Amino acid sequence: MRVAVVGSGPAGFYATDDLLAAGAQVDLLERLPTPWGLVRLGVAPDHPELKSASRVFEKTAAKEGFRFFGNVEVGRDVTHAELTRLYDAVVYTVGAQTDRRLGIPGEDLPGSWAATEFVAWYNGHPDHQHLEFDLSDPRAAVVGNGNVAIDVARILARTEAELAPTDITERSSAAIVASTIGEIVMLGRRGPAQAAFTPPELKELGELGGADVIVDPAELELDPASAAALEADRARARRNVDILRDFAARTPAGKRKRLVLRFLVSPVRIVGEEKVEAVEIVRNRLVLGDDGRIRAVPTDTFETIPCGLVLRSVGYQGVALPGLPFDESRGVIPNDRGRVAGLPRVYCAGWIKRGPSGVIGTNKKDAAETVEALIADAEAGALACEGGELGALLRERGVEFVDYAGWEAIDAHERALGEAAGRPRVKLTSRDELLAQARALESRQ
Ligand SMILES: Cc1cc2nc3c(=O)[nH]c(=O)nc-3n(C[C@H](O)[C@H](O)[C@H](O)COP(=O)(O)OP(=O)(O)OC[C@H]3O[C@@H](n4cnc5c(N)ncnc54)[C@H](O)[C@@H]3O)c2cc1C
223 MRVAVVGSGP
233 AGFYATDDLL
243 AAGAQVDLLE
253 RLPTPWGLVR
263 LGVAPDHPEL
273 KSASRVFEKT
283 AAKEGFRFFG
293 NVEVGRDVTH
303 AELTRLYDAV
313 VYTVGAQTDR
323 RLGIPGEDLP
333 GSWAATEFVA
343 WYNGHPDHQH
353 LEFDLSDPRA
363 AVVGNGNVAI
373 DVARILARTE
383 AELAPTDITE
393 RSSAAIVAST
403 IGEIVMLGRR
413 GPAQAAFTPP
423 ELKELGELGG
433 ADVIVDPAEL
443 ELDPASAAAL
453 EADRARARRN
463 VDILRDFAAR
473 TPAGKRKRLV
483 LRFLVSPVRI
493 VGEEKVEAVE
503 IVRNRLVLGD
513 DGRIRAVPTD
523 TFETIPCGLV
533 LRSVGYQGVA
543 LPGLPFDESR
553 GVIPNDRGRV
563 AGLPRVYCAG
573 WIKRGPSGVI
583 GTNKKDAAET
593 VEALIADAEA
603 GALACEGGEL
613 GALLRERGVE
623 FVDYAGWEAI
633 DAHERALGEA
643 AGRPRVKLTS
653 RDELLAQARA
663 LESRQ
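Using this note's numbering, you'd call the opening residue of the sequence shown number 223 and step up by one each time.
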């Protein structure tokens with residue numbers, strides 16, 4: 223059985239591992255010259271222990287029957303129809319490639335960015351290195367109350383010494399260190415008991431070398447519904463509220479930066495003539511709906527927060543692929559336990575299957591469910607292909623692809639640069655540099 227897996231993030235690698243274990247041959251296609259998806263290009267550089275999830279993927283790649291085709295984008299270099307002819311089955315693990323929008327006036331003013339763009343920039347994503355972030359205003363606002371919002375706020379607050387031993391790009395690190403931002407305000411729509419961040423990530427904000435964390439105790443007062451939910455509840459929300467109460471009780475130490483956590487506020491307008499000058503927010507109150515969910519409802523109290531940078535972190539969103547069905551409202555490929563609706567022999571896993579939620583490990587179980595469906599179909603005799611060879615097709619088309627040895631050459635080069643600089647790696651950040659490094663290997667062979 224020959225299977226194409228499209229997208230080399232966690233879902234792609236976990237699916238590949240299960241498929242190899244079932245005796246399949248797997249070609250893993252990736253639009254970038256480098257594997258690992260958001261583990262390389264999303265997970266924060268100051269969290270090296272999470273980046274090391276890639277070690278598991280390296281073990282998968284070393285197994286018999288695995289091939290990597292980096293720098294190959296499905297929909298551009300090869301079509302979905304072609305893949306279904308070449309392979310018995312195709313598994314899409316393309317993640318969620320864009321951001322959700324706030325849908326408020328001023329959202330597109332210069333200085334208002336999707337957190338996606340900022341994350342991709344500081345992590346060295348080749349498609350985002352041309353971006354110029356103006357970090358010269360004394361204040362930045364981060365919209366959102368999840369772990370990605372925390373990541374971007376924390377990275378903005380980091381000191382030179384804290385960034386130095388990470389694999390953040392040198393350019394973004396230099397810009398953050400030189401920035402004159404003194405205050406970073408995080409804006410949460412609902413209350414502290416509903417925040418989506420996880421306790422370890424929240425707690426870390428209280429341990430930053432160069433920033434005091436500030437919480438107004440008044441914004442931590444719980445409405446009766448939240449208090450009741452907390453009583454009944456989930457350890458996570460309770461721990462978050464405890465950590466926030468600890469922050470609120472602290473006396474600021476006068477560090478260079480302040481990281482202010484606000485709750486029960488929503489941006490209604492980003493204000494500015496030619497660029498962001500302020501964000502207008504409305505105060506919310508919480509209402510318990512008939513469905514038992516606590517919702518934020520705007521009041522008539524408004525406030526304007528002057529700032530020159532807005533990072534919007536209200537969620538990621540999948541993108542439709544040509545030839546595949548797409549659920550616009552959920553931003554996912556419609557599927558039944560990984561079987562793509564209406565398309566035999568086509569499957570999906572990871573964020574494009576269930577939406578952008580969960581941690582790296584969540585994708586393992588998710589991919590296992592998909593592969594289980596695929597194997598069941600194979601056993602039922604439902605898989606078949608015409609045959610042919612992807613490498614030959616790509617060569618005929620003049621598409622330069624990076625195989626796994628090519629990626630290993632890039633990896634070794636980045637690590638060697640890192641070793642000299644006392645960092646885990648120094649990333650190559652342009653496609654040209656990455657391809658040149660992979661090509662250099664071919665000429666040595
Ligand atoms: C900013 C950020 C920080 C995070 N931090 C953490 C963390 O600290 N800990 C944690 O556990 N989880 C974290 N996560 C969550 C974790 O990264 C995700 O759960 C996981 O990466 C989702 O896996 P995936 O394989 O579905 O998608 P992705 O990791 O996005 O992988 C999709 C891959 O598909 C490729 N692709 C897309 N389209 C095509 C195409 N047409 N052809 C070929 N290839 C294509 C992409 O280039 C990408 O490499 C974070 C997420 C984000 C966004």
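Cβ coordinates follow ideal geometry from the N, Cα and C atoms, glycine included.
If you're wondering where the values come from, they're calculated on a predicted model, not measured in any experiment.
A direct Cα-Cα distance of roughly 27 Å separates residue 518 from residue 333.
When the alpha-carbon of residue 537 is set against those of 366, 263, 269, 261, the nearest one is in 366. At the C-beta level, residue 311 and residue 225 come within 8 Å of one another.
For residue 247, the pairing in a beta bridge is given by DSSP as 224. A residue is called buried once 16 or more other Cβ atoms fall within 10 Å of its Cβ, and residue 434 is buried on that count. Residue environment for residue 524: exposed (fewer than 16 other C-beta atoms within 10 angstroms of its C-beta). As the crow flies, the alpha-carbon of residue 390 is around 27 Å from that of residue 331. The beta carbon of residue 624 sits closer than 6 Å to those of 255, 292, 293, 660, all from its chain and outside the five residues before and after it, given in chain order. Counting every other CB atom within 10 Å of its CB across the protein chains shown gives residue 240 a total of 16 or more, marking it as buried. Non-local C-beta neighbours of residue 614 in its own chain, meaning closer than 6 Å and more than five positions away in sequence, are absent. Collapsing the DSSP output to three states places residue 361 in a strand. When the beta-carbon positions are compared, residue 540 and residue 477 stay at least 8 Å from each other.
Residue burial annotation: residue 409 is buried, with at least 16 other C-beta atoms found within 10 angstroms of its C-beta.
The shortest CA-to-CA distance from residue 566 to any of 486, 546, 460, 429 is the one to 546. In the three-state reduction of the DSSP assignment, residue 262 falls in the helix class, which pools H, G and I. For residue 447, the CB contacts under 7 Å within the same chain, skipping 5 residues up- and downstream, are 508, 510, 516 in chain order.
Annotated as proximal: residue 504 and residue 490, with beta-carbon spacing under 8 Å.
At a threshold of 7 Å, residue 233 counts as near ligand 1, since its beta carbon sits closer than that to one of the ligand's heavy atoms. Of the residues assessed, residue 353 falls on the exposed side of the cut-off, its CB having fewer than 16 other CB atoms within 10 angstroms. Following the DSSP letters along the chain, one finds residue 648 in no beta strand (DSSP E), marked with neither H nor E.
Counted as a single uninterrupted DSSP element, the beta strand (DSSP E) harbouring residue 479 occupies residues 479 to 484.
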